[in-house]
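According to this note's numbering, the sequence shown is numbered sequentially starting from 8.
Glycine residues also receive a C-beta, built at the ideal position from the N, C-alpha and C atoms.
Presented below is the structure to which this report refers.
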Amino acid sequence: MKRTILKYMAAGIVITTIASSCLKSNPYYEDFSSITPMADIPKATVNAVAASAPTTSWVSLDSLPGGFDYLTAVHLSAPDHVGDVTVRMVIDKAAANTWITNHPTAGYTLIPDSLFSVPSLDVKISNAGVFSTGDFHVTIKSGVRDPATGTVLVPKGTSIFKTYKFILPISIESVPGTNYGIAANYKTVLWYIKVK
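Pasting the structure below:
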């Protein structure tokens, strides 16, 4: 009885070894032997540039004279906390223009440089990993009025954000000083900015 069990066990080991060695030659094989932390934007839709619509802003901005600080959460997917990590961001005009070109009848426009400012392209994620996030700050000049829509009752015009459908494109550029990767499907978010 013991010899029969040992024969089947040996045969099982040989079959498993052969099957696993064949697996690596398969073009669909994924190797998870060296998983590194990946930076991502949690609110991003999967592959935003190929999506059917931009992501609607998570809050309707107040049209304040001083502008509105718009925050985009940035995350580092890691099984354990890895300490403080800096992620470099970019206003990704190429991604927005690609999306707009692919959806010409949707009526969206890339937000002009004159309607926002970025204090820093670097986002610090304190004690990064698991549930920690950092915020990428963009100050939207939400109080700007469209002079072309002025009337007797509203001489300054309506909010320029109501006249145009502006997209604010944000992407992760790099995680400097590390070997961490960027989640390709969650590296870009195309915010459709809405103002009250």
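Query raised in the report: Going by beta carbon distance, what residues of the same chain come within less than 8 Å of residue 117, once the five residues before and after it are set aside?
Result: Position 110 of the sequence shown, counting from 1, holds the residue named residue 117. The residues are 100, 103, 104, 107, 173, 174, 176.
Query raised in the report: Where do the N-terminal and C-terminal ends of the alpha helix (DSSP H) with residue 200 fall, by residue?
Result: The count along the sequence shown starts at 1 and reaches residue 200 at position 193. No alpha helix (DSSP H) contains residue 200, which DSSP labels as neither H nor E.
Query raised in the report: Would you call residue 123 buried or exposed, if buried means 16 or more other Cβ atoms sit within 10 Å of its Cβ?
Result: As a position in the sequence shown, residue 123 is number 116, starting the count at 1. Buried.
Report task. Pick out whichever of 81, 125, 110, 91 has its Cα sitting closest to the Cα of residue 98. Result -> The count along the sequence shown starts at 1 and reaches residue 98 at position 91. Of the listed residues, the one whose Cα sits closest to residue 98 is 125.
**Report entry** CB of residue 195 within 8 Å of CB of residue 81, strictly
**Finding:** On the sequence shown, position 188 is the one that residue 195 refers to. On the sequence shown, position 74 is the one that residue 81 refers to. For residue 195 and residue 81, no; Cβs fall outside 8 Å.
Report task. Out of 146, 45, 151, 201, point me to the one whose CA is closest to residue 78's CA. Result -> What you label residue 78 is simply residue 71 of the sequence shown in a count that begins at 1. It is 146 whose Cα lies nearest to the Cα of residue 78.
**Report entry** Minimum length 3: unbroken beta strand (DSSP E) runs contained in the segment 77 to 147
**Finding:** 92 to 98, 115 to 117, 129 to 132, 140 to 147
Query raised in the report: DSSP three-state call for residue 42: helix, strand or coil?
Result: Looking up residue 42 in the sequence shown gives position 35. Three-state DSSP puts residue 42 in coil, outside helix and strand.
Query - Status (buried if at least 16 other CB within 10 Å, exposed otherwise) for residue 65 - result: On the sequence shown, residue 65 is found 58 positions in, with the first residue counted as 1. Result: exposed.
Query raised in the report: In three-state DSSP terms, what is residue 52?
Result: For the purposes of this step, residue 52 is taken as the residue at position 45 of the sequence shown. Residue 52: coil per DSSP, three-state reduction.
Query raised in the report: So what does DSSP say about residue 165, is it helix, strand or coil?
Result: Within the sequence shown, residue 165 is the residue found at index 158, counting from 1. Residue state, collapsed to three classes: coil.
Query raised in the report: Closest by CA to residue 95, which one among 63, 179, 202?
Result: Here residue 95 refers to the residue found at position 88 of the sequence shown. The option with the nearest alpha carbon to residue 95 is 179.
**Report entry** Residue closest to residue 163, alpha-carbon to alpha-carbon, out of 63, 185, 155
**Finding:** Walking along the sequence shown from the start, residue 163 turns up at place 156. Answer by Cα proximity: 155.
Query raised in the report: By how many angstroms is the C-alpha of residue 143 removed from the C-alpha of residue 111?
Result: Walking along the sequence shown from the start, residue 111 turns up at place 104. Walking along the sequence shown from the start, residue 143 turns up at place 136. Rounded to the nearest angstrom, the two C-alpha atoms are 29 Å apart.
Query raised in the report: Quick one: is residue 53 buried, meaning 16 or more other Cβ sit within 10 Å of its Cβ, or exposed?
Result: Taking the first residue of the sequence shown as 1, we reach residue 53 at position 46. With fewer than 16 Cβ atoms within 10 Å of its Cβ, residue 53 is classed as exposed.
Query raised in the report: Rounded C-beta distance between residue 45 and residue 187? I'm assuming under 8 Å.
Result: What you label residue 45 is simply residue 38 of the sequence shown in a count that begins at 1. What you label residue 187 is simply residue 180 of the sequence shown in a count that begins at 1. Residue 45 to residue 187, Cβ: 7 Å. Contact.
Query raised in the report: What did DSSP end up calling residue 185 once you bin it into helix, strand or coil?
Result: On the sequence shown, residue 185 is found 178 positions in, with the first residue counted as 1. Residue state, collapsed to three classes: coil.
Requested in this report: Identify, in the order they occur along the chain, each residue of the same chain with its Cβ nearer than 7 Å to the Cβ of residue 170, setting aside the five sequence neighbours on each side.
Outcome: The sequence position of residue 170 within the sequence shown is 163, counting from 1. So the qualifying residues of the chain are 153, 156.
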